[in-house]
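Using the working numbering, the letters of the sequence shown map in sequence onto residues 17 to 238.
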Amino acid sequence: MQPIQVAIIDDQPFVRHGLSYIINAQEDMEVVGEAANGREAVDLATCTRPQVLLMDVQMPEYNGIDATREILSLLPGSKIVILTTFDTEEYVYGGIRAGAVGYLLKDAAPDELIDAIRAAHRGEAIFRTSIAAKVIAQALNGAIEAPTNPSSNHIHMLDSFTERELEVLQHMAYGLRNEEIASQLHISESTVKTHVHRILQKFGVQDRTQAVVYAIRNRIVQ
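Spelled out as structure tokens, the structure:
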């Protein structure tokens with residue numbers, strides 16, 4: 017089986033080296049490149065086409081949010097996880113709107129980081145900091161409210177979701193798997209799979225991550 021190809025973007029060499037050591041120690045993943053700023057990250061991504069990128073936010077020349085947006089416009093199949101020391105609403109929203117599939121803090125345990133890379137590669141969303149949880153809950157709760165100037169398509173989409181589907185969508189945003197969602201909502205795993213399938217169909221997307229990102233990007237009222 018081919019290992020997961022990972023790129024590391026951070027302006028601090030010792031952070032890059034430490035992350036590289038941890039990742040390369042895993043049998044199912046390998047580091048294919050490193051970059052010190054967002055501009056280098058775009059060049060690295062287009063050359064090596066990594067499957068998962070760990071992206072710092074505050075970097076010289078070109079920040080991680082803008083780099084995330086540009087990389088995903090060029091390589092929409094890439095999965096980018098924001099890895100930063102800052103747990104702020106601004107960065108969480110910025111990362112989600114740019115298309116990042118995850119948001120982790122640099123003080124996360126190595127096992128949590130490795131699990132996040134694997135989850136991102138599977139197409140799951142990973143937003144598990146205290147601020148990220150708050151932001152995502154607000155965003156998805158706001159999804160059931162009409163925007164200030166709603167289009168007919170937007171209204172139709174909101175009306176097409178059942179209350180249960182919105183509950184499943186919210187749990188998807190926290191990165192829960194089907195069996196975990198089933199346990200939380202006291203329903204069967206097969207029922208969860210049906211809800212997930214319908215959510216993807218209604219959004220017109222291919223995977224869970226795209227569904228969560230689409231929901232937060234396009235259904236925030238403020």
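Note that CB positions come from ideal geometry on N, CA and C, so glycine has one too. Only a predicted model underlies this, so the values are computations on that prediction, with no experimental measurement involved.
Buried or exposed for PRO29, going by 16 or more other Cβ atoms inside 10 Å? exposed
DSSP on LYS95, reduced to helix/strand/coil? strand
Measuring only the C-alpha atoms, how far is ILE24 from GLN226? 22 angstroms
Going by the beta-carbon positions, is the gap between LYS122 and PHE177 smaller than 8 angstroms? no
Proximal residues to PRO126 (C-beta, below 7 angstroms), its chain only, five neighbours per side dropped: ILE38
Tell me the DSSP secondary structure of ASP27 in three-state form. coil
Of the listed residues GLY139, ARG85, ARG134, ALA136, nearest to ARG292 (C-alpha basis): Residue 292 lies beyond the residue range present for the chain, which begins at 17 and ends at 238; the question has no answer from this structure.
Alpha carbon of ALA2 to alpha carbon of ILE87, nearest angstrom: The question about residue 2 has no answer here: the residues shown for the chain are numbered 17 through 238.
Which residue spans inside the region 72–140 form an unbroken beta strand (DSSP E) run of at least 3? 95–100, 118–121
Assuming GLU128 and ARG224 make a contact with CB atoms under 8 angstroms, what is their CB distance in whole Å? Not a contact, Cβ separation roughly 19 angstroms.
Taking the beta strand (DSSP E) that ALA52 falls in, what are its first and last residues? From DSSP, ALA52 is part of no beta strand (DSSP E); its letter is neither H nor E.
Indicate whether the contact test is met: 3 or more Cβ pairs, each with one atom in the region 39–47 and one in the region 56–64, closer than 8 angstroms. no
Distance between GLN200 and GLY54 (C-alpha atoms, nearest Å): 39 angstroms
Can you check DSSP and say which residues form a bridge with VAL68? VAL22, LYS95
Please report the residue range of the alpha helix (DSSP H) in which LEU192 lies. Run containing LEU192: none; DSSP gives neither H nor E here.
So, under 8 angstroms CB-CB, VAL221 and ASN194 are touching, yes? Tell me the CB distance rounded to an integer number of Å. That belief does not hold up - the Cβ atoms of VAL221 and ASN194 are roughly 17 angstroms apart, past 8 angstroms.
For ARG180 and PHE102, the rounded distance between their alpha carbons: 33 angstroms
Using a threshold of 8 angstroms, state whether the C-beta atoms of VAL97 and ILE142 are closer than that. yes
Residues in the same chain with beta-carbon distance under 6 angstroms from TYR107, minus the five sequence neighbours each way, listed in chain order, please. VAL73
Would you mind sorting ALA41 into buried or exposed? The rule is 16 or more other CB atoms within 10 Å of its CB. exposed
Grab the span of the alpha helix (DSSP H) containing PHE219 for me, first residue to last. 205–219
Is ALA136 closer than 8 angstroms to VAL68 when the C-beta atoms are compared? yes
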